[in-house]
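Worksheet for the structure shown next.
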Amino acid sequence: MKTWEKNEMVNHPQHYQFGENNVYEAIKVIDAWSLGFALGNTVKYISRAGKKDQSKELEDLKKALWYLDHHIQNLEKNG
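Numbered per this note's numbering, the sequence shown spans residues -11 to 67.
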């Protein structure tokens, strides 16, 4: 594997169908909306659900739900 291919797998993996020039890449949306960790992971898991491995779509969505629930619990706890 060439160096640029390794870098591509870290920065903009093709299996997520996002590229450096895609304005809807998860990290760009998370940063633009200032979502923070829990809500950012919620968006990430929803946007990527099943893209890397279709058999794990349900698992990805459950992870998104976990992060969303975590954020809701923090809001309820902290008023």
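We treat Cβ as the ideally placed atom computed from N, Cα and C, and that holds for glycine. The model shown is predicted, which means the values in this text are computed figures rather than measured ones.
My output table needs one value for Asp41: the three-state DSSP class, helix, strand or coil.
Coil, per DSSP.
Output the boundary residues of the alpha helix (DSSP H) element that contains Tyr12.
That residue, Tyr12, is in no alpha helix (DSSP H); it is neither H nor E in DSSP.
Starting from the C-beta of Leu63, find all residues in its chain whose C-beta is less than 7 angstroms away, skip the five residues before and the five after it, and write them out in chain order.
Around Leu63: no qualifying Cβ.
Compute the beta-carbon to beta-carbon distance between Gly38 and Lys32, rounded to the nearest angstrom, for a pair I have assumed lies under 8 angstroms.
Gly38 to Lys32, Cβ: 13 angstroms. No contact.
Taking all protein chains shown into account, decide if Tyr12 is buried (16 or more other Cβ within 10 angstroms of its Cβ) or exposed.
Exposed.
So the alpha helix (DSSP H) Ser35 belongs to, where does it begin and stop?
Per DSSP, Ser35 belongs to the alpha helix (DSSP H) from Gly24 to Arg36.
Please report the distance separating the alpha-carbon of Asn9 from that of Lys51.
Approximately 27 angstroms, taken between the alpha carbons.
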